[in-house]
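Chemist:
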Amino acid sequence: MPVPVPRQRAIPAVECGQAPAASSDSGPSKEQAPPGTHPAEHPTTRRENPTEKREKPTDTSPDTSTGTDSRTSTGTGTGTGTDSRTGTDTGAGRTHTDRTTQSAAPTNLTVLLIEDDPAGSPIVPDLLDQAGKPIRVRTARNLTEAGRLLTDDVHCILLDLALSAPAPARTSADGGGNGNGGGDAEDHDELAVLRHVLELAPRHAVLALTSSSDAERGAEAVAVGAQDYLFRDELDGRLLSRAIRYAVERKRSDSAERRLAEGRLRAQENRRLERGLLPTPLLAGSPLRFAARYRPGRSRALLGGDFYDVVRTPDGTVHAMIGDVCGHGPDEAALGVELRIAWRALTLAGLCGDELLGTLQQVLEHERSDDEIFATLCAVDISPDGRRAGLCLAGHPSPLLSRPGEPARLLPYDNNGPALGLLPGARWPRMQVELGAEWSLMLYTDGLIEGHVGEGRERLGQDGMVEMVRRQLAEGLAGEELLRATVNEVRELNGGELADDVAVVLLDRTA
C-alpha cells in the first residue's frame, strides 16, 4: 500500500496571510510591499492577476478588508517578506512554531484609511509602531465602507480631503468636477466630509491628508476637529507612523481632559444638590443652642443614609430628630432625605410621638426600593420651658444627657420600639424625661459607636463613647468643639475613615 506524501507547510503560509504567493507575474500588494521600498516603485500595487484573486478573493472586497489587512500587515515589517516573495521560504528554514508565533503577533495600532482612489494608487507606505510591530491598515473607498470598517479596535483615521463629498453636499457643488479646484463650494464639501467623519467617529483620532499646495485647507481641518494634517505627496513611513502615534495620544489626552472636566462639573452639581438637601434648623425664638456634625461614609459625598433635623413649632416646643437608613449608597441617602422632609412636614402639622412615627413608617414603606430596607430613628420634643422632654426610639441608640455636677449618662432605653419598616402596625411609646435647668443632649447614629478600637475587632460601643464624652466635658469642651473632638477621636481610634455614616446633634440649655 503506497504511503501518502505529507503536504508541505509553505502553502498554508500563503493561505493564512503570513506571506504572499510566490508568483512571477504578479507584484506585491499595497500592504505587502517589501520594507524600505517606496510604494511609487510598484505601479502594480493592488492590481492582482486573476489567479491571485481566486486564491485571495477577499483582498479587493471592502466588506472583508479587515481580515485581508490582518494577514498582510503581519507579513510586512518583519524582515522576512522578501524571502517569501522570492520563493525561498519552503518551510525548511522556519519551524511551525515560528510561523504560528508570527501570525499571532499582536498589533498595537489599527488605522482606517479613507481615500478615493479607484486606480489603487498607494498613498500610505509601510508603517511600524514604536515597538517595531506593523501598524494594521484598513482601506475604505467611501464613507459607507468606512462606517462598516470602523470597529472598536480602530485607533486612528486617515482621511484624504480629496474624497468625494456626501451626496447631499455634492449636489450643491456639481461644478467642482473631480475635487481639484472646485472653488468655495467644493472647499465646503471637503470640510463637510471631515465633519461627517468626526460625527461618525467622535472617539477616534483623525489625520487629514491634503496636497502640499493646500496647507490652508489642512489648517482648517484641524480647526474643525482633526488632530493634525499631513501632505499627501510627502508621506514616508517614519513621519506617518510618528504622526499616527501622536494623533492617538493627543486624542486620548483630549478625551481624558474632557471627561475630567465633565466629571468635575457633575461633582459640583452633585455637591450643590446635596448641600441643598442638608437641613437648615428652624430654631428662631428658642433659647436652645444647636450644633451638628455630619460625615457620610461614601467617598467624595456630602450626603449619606443618616439624617437629622430640628424645628420649633409655634407653641414654643423644640422638636429634634436623628435617623439612619440601613445600607450605604445614593438610594439610601435619597430615602433619608425623604424621611427627613416628611418628618418636618408632619411635625409642623402638629403630629408627635407614636402618631408621627406611624405615618413616617408608611412613607418609608412606599418610598423604599426593597422590602428589607428599614430605618432607625430617635425623636425628642422639648417643652417650651426647656425642663422636660418626650422621647421616642425606633430601634435607635438612646441619647446622651449631661448636666453640671453629674456624669454624662444615657437616657432610658426600656420602651424602645422597632425600627421603621420592620413590623406593620407597630407602636412606639413616648417616654417623659426630666432635663433640669441646665443640660446638654446629644443625639447620634450608630456610626459613632461602631468604629473599631485599635487594630483588633473590639468596637467602641456606647460605654466607650460615654467615657470619651465625659472626659472631653471635663476638659471644658462644649458645642461645636465637643462634637469635633468626639468625631475626630473616634476616627483616630478606628485607624482611619469610618466605614459608616456619622451624624451627631447637640442641643444645649444654659440657666
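Using the working numbering, read the sequence shown as starting at 254 and increasing by one per residue. Each residue gets a CB set at the ideal place from its N, CA and C atoms; glycine is no exception.
I need the straight-line Cα distance from Met684 to Tyr697, nearest angstrom please.
Modeler: Taking the straight line joining both Cα atoms gives about 18 Å.
Chemist: Within a Cβ cutoff of 8 Å, which residues of the same chain sit near Arg641, ignoring the five residues on either side of it in sequence?
Modeler: Excluding sequence neighbours, Arg641 sits near Ile635, Gln685, Val686, Glu687, Leu688.
Chemist: Identify the residues that DSSP records as bridge partners of Thr392: which are they?
Modeler: DSSP lists Leu366 as partners of Thr392.
Chemist: From the DSSP output, which residues share a beta bridge with Cys645?
Modeler: In the DSSP output, where bridge partners are listed per residue, Cys645 has Ala632.
Chemist: Can you tell which of Val407, Glu708, Ala399, Asp405 has the C-alpha that lies nearest to the C-alpha of Asp413?
Modeler: Closest option to Asp413, Cα to Cα, is Ala399.
Chemist: Could you give the first and the last residue of the continuous beta strand (DSSP E) run that contains Ala544?
Modeler: Here the beta strand (DSSP E) through Ala544 covers 542 to 548.
Chemist: For a quick check, are the C-beta atoms of Gly557 and Asp754 less than 8 Å apart?
Modeler: Contact flag set, yes.
Chemist: Out of Ala587, Val477, Gln615, Thr612, state which residue places its alpha-carbon closest to the alpha-carbon of Leu530.
Modeler: Nearest C-alpha to Leu530: Ala587.
Chemist: Can you tell me where the beta strand (DSSP E) with Glu687 in it begins and where it stops?
Modeler: It spans 684 to 687 - the beta strand (DSSP E) in which Glu687 sits, taken as one unbroken run.
Chemist: Who are the Cβ neighbours of Thr313 in its own chain at under 6 Å, not counting the five residues just before and after it?
Modeler: Only weak support is given to the placement of Thr313: the predicted model assigns it a pLDDT of 35, under 50, and the question is left unresolved by the model.
Chemist: To the nearest angstrom, how far is it from the Cα of Asp342 to the Cα of Ile388?
Modeler: At Asp342, the pLDDT of 39 sits below 50, so the modelled position is not reliable; the number obtained from the coordinates is stated separately. Roughly 24 Å between the two C-alpha positions.
Chemist: What would DSSP say about Asp559, mapped onto helix, strand or coil?
Modeler: Correct three-state label for Asp559: strand.
Chemist: Checking 8 Å against the spacing of the C-beta atoms, do Ile626 and Val578 come in under that value?
Modeler: Cβ distance < 8 Å, so Ile626 and Val578 count as in contact.
Chemist: When DSSP labels each residue in this structure, what does Pro583 get in the three-state scheme?
Modeler: Correct three-state label for Pro583: helix.
Chemist: Please report the distance separating the alpha-carbon of Asp761 from that of Met695.
Modeler: Whole-angstrom Cα-Cα distance: 9 Å.
Chemist: By the DSSP assignment, the alpha helix (DSSP H) with Asp607 in it spans what residues?
Modeler: Segment 606 to 620, the alpha helix (DSSP H) holding Asp607.
Chemist: Kindly list the residues whose CB is nearer than 6 Å to the CB of Asp584, restricted to its own chain and excluding five residues on each side of it in sequence; keep chain order.
Modeler: Counting only Cβ-Cβ distances below 6 Å, and skipping sequence neighbours, we find Ser622.
Chemist: What did DSSP end up calling Arg744 once you bin it into helix, strand or coil?
Modeler: Correct three-state label for Arg744: helix.
Chemist: Report back the beta-carbon spacing between Arg565 and Leu536 to the nearest angstrom; my notes put them in contact at under 8 Å.
Modeler: About 5 Å separates the two Cβ atoms, so the contact holds.
Chemist: Using only CA atoms, which one of Glu620, Ala679, Leu664, Leu613 lies nearest to Asp716?
Modeler: Nearest option by C-alpha distance: Leu664.
Chemist: Pairing CB atoms from the segment 476 to 491 with CB atoms from the segment 441 to 458, are three or more of them under 8 Å?
Modeler: Judged by Cβ distances under 8 Å, the segment 476 to 491 makes contact with the segment 441 to 458, as three or more pairs qualify.
Chemist: Which residue from Asp638, Glu750, Leu759 puts its Cα closest to that of Arg551?
Modeler: Closest option to Arg551, Cα to Cα, is Glu750.
Chemist: If we call anything under 8 Å between Cβ atoms a contact, is Ala628 one with Val758?
Modeler: No, these two residues do not count as a Cβ contact at 8 Å.
Chemist: On the criterion of 16 or more Cβ atoms from any shown chain inside 10 Å, does Gly748 qualify as buried, or is it exposed?
Modeler: Exposed, by the Cβ-count rule.
Chemist: In chain order, which alpha helix (DSSP H) runs of at least 4 residues are fully inside the segment 467 to 524?
Modeler: The qualifying runs are 468 to 477.
Chemist: In the DSSP assignment, find the unbroken beta strand (DSSP E) run with Leu726 in it and report its ends.
Modeler: Unbroken run through Leu726 is the alpha helix (DSSP H), 714 to 727; no beta strand (DSSP E).
Chemist: Please report how far the alpha carbon of Leu513 lies from the alpha carbon of Leu555, in whole angstroms.
Modeler: Distance between the alpha carbons of Leu513 and Leu555: 20 Å.
Chemist: Just verifying my parser: in three-state terms, what is the DSSP assignment at His705?
Modeler: Three-state DSSP puts His705 in a strand.
Chemist: Just the C-alpha distance for Met619 and Gly589, rounded to the nearest angstrom, thanks.
Modeler: In the sequence as displayed, the identity of residue 619 is His instead of Met. If I take the Cα positions, the gap works out to 13 Å.
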